[in-house]
Amino acid sequence: MIEGIIWPLVMLVLLAWAIDYINGFHDTANSIATVVSTGVLPAKYAIGMSAVLNFAGALAGTQVATAIAKGIADSSNIVPAVIAAALLAAITWDLLTWWFGIPSSTSHTLMGGLAGAVVAHAGWHALKWAKLRQIGAFIVLSPLFGFLVGAVLILIVLWLVRRYSSHKVNWVFRKLQLVSAAAMSFTHGSNDAQKAMGIICLALITYGKLHGHGDKVDVPLWVKIGSAAFMGLGTMSGGWKIIRTMGSKIVKLRPIHGFAAETAAAIVLFTTAHLGIPVSTTHSITGAIMGVGTSMNVRAVRWGLTGNIIVAWVLTIPVSGLLAAGFYKLLHSMF
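Per the working numbering, the sequence shown starts with residue 49, numbered consecutively.
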């Protein structure tokens, strides 16, 4: 045994990086599904680009990490068993939805897991309801904003190129889609990798290895780099089932439509990351794809599949909360 190492803390850090890795391959589709489905980039190159930009985006800020570490419940109610239970619930739900090829939110499964484990530990009063209401509102607002921005943006773009030949338009937007896919990958990293950073900071605070200043948390450099690296590695693994769902099963896209959807989602995610609001990249890009598809033709969207995706979204937080509560009952005596 190595003296001085707090092994439960090490386990929590590794679990947090495990969810980061799973998030990477689970949510690869958020960044590259449209650019692959439209044939702009071969999958292996798109995944490589996405992995690099996910890593870069993860290092770009800490607002979302702070919201995770300080915003869900008071630090005194975040004990190691709560953190472990939340992570195990998130891992379970992410793997289940990945197996069935359903795009779901890692952000919200972590939120639900933390909330469920905190309630199992300390009761409903321990939650910070104002922050949870804000997060709950954005479960609805982020796909809605993605839908509206995507629908408006594609109409503007189509109007701007109305005098050009379809061949010229396709050529231009094959190039522009590289930029929009890159922006989407960067914003995915800046949003989603910060969730693991926030969880690790919670663990460090619990063991007295990190001290917050009011509602601020100084995320250690090693936490940033480790979270960014595991997100990038997970992205390189690819998540083919969800890529197929996002890229072609919701609606058939051409490069101009893929550009509009990715740009719309990136706009939403840049804004929410700057405000420190943990939102779902999955919800944002799915909403944007639906908005673009609806503007083309309402019948072009496969609404049956869309309904299944929305059901998974609705179930994510309550199921994750129940899973985490169950894991907490199993784990609380071990920490």
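Cβ coordinates follow ideal geometry from the N, Cα and C atoms, glycine included.
Beta-carbon proximity list for residue i, same chain, < 7 Å, skipping 5 on both sides
i: T386; result: Since the first residue of the chain shown is 49 and the last is 383, residue 386 is not available in this structure.
i: S343; result: A199, I202, L203
i: A384; result: No answer is possible for residue 384: it lies beyond the span of the chain, which begins at 49 and ends at 383.
i: Y255; result: I54, L57
i: P366; result: G160
i: N345; result: none
i: M59; result: none
i: A66; result: I139
i: L281; result: Y69, G72
Contact set for residue i: own chain, Cβ-Cβ below 8 Å, skip 5 residues either direction
i: L258; result: C249, L252, V265, D266, P268
i: P128; result: P56, L57, L60, A251, T254, Y255, F383
Cα-Cα separation between residue i and residue j, rounded to whole angstroms
i: F176; j: H380; result: Before going on, a small fix: residue 176 reads as Lys here, not Phe. Going by the C-alpha atoms only, they are around 22 Å apart.
i: G295; j: S285; result: The pLDDT assigned to G295 is 47, lower than 50, so where the model puts this residue is not dependable; a value taken from the coordinates is nonetheless given after this. Approximately 17 Å, taken between the alpha carbons.
i: L303; j: L196; result: Reading off the sequence shown, one finds Pro at residue 303, where the question assumed Leu. Distance between the alpha carbons of P303 and L196: 19 Å.
i: W270; j: W207; result: 48 Å
i: A372; j: G164; result: 6 Å
i: S332; j: H169; result: 32 Å
i: T375; j: A133; result: One detail in the question is off: residue 375 reads as Phe in this sequence, not Thr. The alpha-carbon atoms of F375 and A133 are separated by roughly 5 Å.
i: V130; j: L301; result: 42 Å
i: M279; j: R211; result: 42 Å
i: L370; j: T311; result: 35 Å
i: G274; j: N218; result: 39 Å
i: V166; j: A185; result: 20 Å
i: I247; j: I126; result: 10 Å
i: H236; j: S368; result: 21 Å
i: A174; j: S98; result: 38 Å
i: A178; j: F221; result: 42 Å
i: K216; j: H305; result: 15 Å
i: R347; j: G355; result: 14 Å
i: I337; j: L323; result: 24 Å
i: V209; j: A91; result: 28 Å
i: F103; j: I325; result: 20 Å
i: K223; j: S328; result: 27 Å
Short Cβ contact (8 Å threshold) for residue i with residue j
i: G96; j: F234; result: no
i: A244; j: D122; result: no
i: A321; j: N239; result: yes
i: A276; j: A241; result: yes
i: A230; j: L101; result: yes
i: Q225; j: T86; result: yes
i: V316; j: G171; result: no
i: L180; j: I120; result: yes
i: T319; j: G72; result: no
i: I70; j: L144; result: no
Per-residue burial, residue i [other beta carbons within 10 Å of its own, 16 or more giving buried]
i: I80; result: buried
i: S190; result: buried
i: Y93; result: exposed
i: L63; result: buried
i: S214; result: exposed
i: I50; result: Annotation note: pLDDT 44 at I50 (below 50); position unreliable, coordinate value reported separately. Classification of I50: exposed, given that the 10 Å Cβ count is below 16.
i: V188; result: exposed
i: M382; result: exposed
i: V362; result: exposed
i: W147; result: exposed
i: V359; result: exposed
i: S124; result: exposed
Beta-carbon proximity list for residue i, same chain, < 6 Å, skipping 5 on both sides
i: L89; result: V83
i: K272; result: L107
i: S228; result: F307, E310, T311
i: L162; result: I120, A134
- Task: Ignoring anything shorter than 4 residues or poking outside the stretch 188 to 262, list the alpha helix (DSSP H) runs there in chain order.
- Result: If only uninterrupted alpha helix (DSSP H) runs of at least 4 residues are considered, those enclosed by the stretch 188 to 262 are 214 to 254.
- Any chance you could list the alpha helix (DSSP H) runs of at least 4 consecutive residues sitting entirely within the stretch 300 to 377, in chain order? Runs found: 303 to 323, 329 to 344.
- Task: Give, in chain order, every unbroken run of the alpha helix (DSSP H) that is at least 4 residues long and sits entirely within the stretch 124 to 197.
- Result: If we require 4 residues or more, the alpha helix (DSSP H) runs fully inside the stretch 124 to 197 come out as 128 to 147, 154 to 170.
- Message: Could you tell me which whole alpha helix (DSSP H) segments of length 4 or greater appear in the stretch 62 to 111?
- Response: Here the runs fully enclosed are 76 to 85, 91 to 106.
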